[in-house]
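Residue numbers (the numbering used here), protein chains in the order written: chain A, 33 to 148; chain B, 4 to 386.
Have a look at this one:
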């Protein structure tokens, strides 16, 4: 259902349910949710490792020093670049598929045919 | 712990802060690395092919969306976009729950000014209660009873992540400053004594506006008790005494002519065709003669949106739970304001500012711009 109702509102067919993009394959949606959460945990671990390395360079660390550490602007920018690269590697198959679609007139033709 | 901009902001541990930074990075990747490829596919590859057959991709955006949804890659992008949003709420919720008793204590101990009035009988309107807006679990109205501030803390912490820092970092107040700049641009000689912010959530804009008019009595209304209790304590810790109450902007309990200035900030797109004229008429009732109404909104219009932007808008409406996203962009809100009886109605774009300046050269313009760089502003005067 994608038409606006008389109040100008639009809802999923069953607004009480979560969005499902993989009909009959709910596990695919769940798997992508799990990959998203896993990527977050990897990012957190990488940040923690980075904290250890930076504190080690300053003379050492213990748990309290790690917990209290906050990256300065330079360190934060380095981490963000590192994180974007990690995300890019994890989701490369999707990005590559998008590039393929952009270069593939046959796929675009199919899209327009299914559109009719 | 990270330094916080005010006493109520939940503190993030080392690991929580790392997760927050990552979810912003993931959203950035989905929005800035992948989404432009969909835009290119739709607007630069598919739309011209349709145009060569005399058809308009913009008009056929719903069919295009259905066609894209046959692609596994599109469904994966959709799911990841939803998952990133859910991950944001999950990670923020975990951070807030860890320290909720302390936040509730701070909210109740706060002796600084302001007040909060909740209504246990209050029911939010259908456009806010049918789905959890922005996928925020529980929605704006979530309230676990007396003393609860959880949804306010979650919303405040997540808002800076949601806007990816573009709305003034953790204070999230650029829209408030921009509203005041619009007031200074259009009404440079005026100083309001009583101000109402409709749909104030945790008082991001309300508090910023109050800072310019220290003599004014400032009120904020919204639909959630937990939001409002948090808002009062947040404003108080930033030095502002603001009176918050749980009310529907379509019909409030304030007396006729109570205010000199009635505003809202990115609220109208969370309402409905039926609510818009009611909100405008209520604002008109609440203003004294000569009083000013101003609404700030996202600077997007459906008629000028490309085919991809329409497909993206449909995704936002259906899957980020923004049911009025498209309706609001189609509505002639300026006409609704005139119909409500306002004079000197102006609509256009106000460049976003971090600090408003009464002496600044007016920059309110008819030239659109990107979200967060400019905001759509609509204002009128009650005669």
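Ideal placement from N, C-alpha and C gives every residue a C-beta, glycine not left out.
- Cβ neighbours of residue 87(A) within its own chain (closer than 8 Å, five residues either side excluded): 93, 97, 98, 101.
- Between the alpha carbons of residue 43(A) and residue 85(A) lies a distance of about 49 Å.
- Residues of the stretch 214 to 240 of chain B that bring their beta carbon within less than 8 Å of a beta carbon in chain A are absent altogether.
- Our two residues, residue 154(B) and residue 203(B), have alpha carbons roughly 14 Å apart in a direct line.
- Contact between residue 141(B) and residue 115(A) is absent: CB atoms are separated by about 29 Å, not below the 8 Å threshold.
- The stretch 79 to 113 of chain B contains no complete beta strand (DSSP E) run of 3 or more residues.
- Judged by their CB atoms, residue 121(B) and residue 249(B) are nearer to each other than the 8 Å cut-off.
- If you check the CB distance, residue 41(A) and residue 132(B) do not come in under 8 Å.
- Counting C-beta pairs closer than 8 Å gives three or more between the stretch 332 to 343 of chain B and the stretch 276 to 287 of chain B, which meets the contact rule.
- Residue state for residue 296(B) is assigned as strand, using DSSP reduced to three classes.
- Around the beta-carbon of residue 227(B), 16 or more other beta-carbon atoms lie within 10 Å, marking it buried.
- In the DSSP assignment, residue 249(B) forms a beta bridge with 225(B).
- At a beta-carbon threshold of 8 Å, the residues of chain A lying near residue 18(B) are 76, 79, 80, ordered along the chain.
- Annotation: Cβ neighbours of residue 83(A) in chain B (cutoff 8 Å, chain order): 17.
- One thing to note: residue 180(B) has its Cβ no nearer than 8 Å to the Cβ of residue 382(B).
- Across the set 200(B), 208(B), 193(B), the C-alpha of 208(B) shows the shortest separation from the C-alpha of residue 171(B).
- A check of alpha carbon separations from residue 333(B) across 127(B), 307(B), 59(B) identifies 307(B) as the nearest.
- Per DSSP, residue 101(A) is not a residue of any alpha helix (DSSP H), being assigned neither H nor E.
- With contacts defined by Cβ atoms closer than 8 Å, residue 213(B) and residue 239(B) do not form a contacting pair.
- For residue 379(B), the enclosing beta strand (DSSP E) stretches over residues 377 to 384.
- Residues of the stretch 105 to 136 of chain A that bring their beta carbon within less than 8 Å of a beta carbon in chain B comprise 108, 111, 112, 115, 116, 119, 120, 123, 126, 127, 129, 130, 131, 133, 134, in sequence order.
- Within chain B, no residue has its CB atom less than 9 Å from the CB of residue 90(A), the nearest being about 16 Å off.
- Here DSSP, grouped into helix, strand and coil, assigns residue 264(B) to strand.
- Below 8 Å, too few C-beta pairs join the stretch 8 to 16 of chain B and the stretch 66 to 86 of chain A to call them touching: fewer than three.
- Spanning the alpha carbons of residue 63(B) and residue 284(B) requires a straight line of approximately 35 Å.
- Note that the stretch 65 to 83 of chain B touches the stretch 48 to 58 of chain A; at least 3 beta-carbon pairs, one per stretch, sit closer than 8 Å.
- If only uninterrupted alpha helix (DSSP H) runs of at least 4 residues are considered, those enclosed by the stretch 107 to 159 of chain B are 129 to 132.
- One finds nothing in chain A with a Cβ atom closer than 8 Å to the Cβ of residue 102(B); even the nearest lies about 15 Å away.
- Residues of the stretch 29 to 51 of chain B whose Cβ lies closer than 8 Å to any Cβ of chain A, in chain order: 29, 31, 32, 36, 37, 40, 41, 43, 44, 48, 49.
- A straight-line Cα-Cα distance of about 43 Å links residue 357(B) and residue 53(B).
- When DSSP states are grouped into helix, strand and coil, residue 353(B) belongs to the strand group.
- In this structure the stretch 62 to 77 of chain B lies against the stretch 309 to 321 of chain B, because at least three pairs of beta carbons, one per stretch, are closer than 8 Å.
- Residue 150(B) and residue 107(B) do touch by the CB rule: their CB atoms are close to 5 Å apart, below 8 Å.
- Annotation: residue 76(A) is outside any beta strand (DSSP E); the continuous alpha helix (DSSP H) that includes it extends over 58 to 89.
- The stretch 37 to 46 of chain B and the stretch 264 to 271 of chain B do not touch, with fewer than 3 CB-CB distances between them shorter than 8 Å.
- Residue 94(A) sits in coil when the DSSP states are folded into three classes, being neither helix nor strand.
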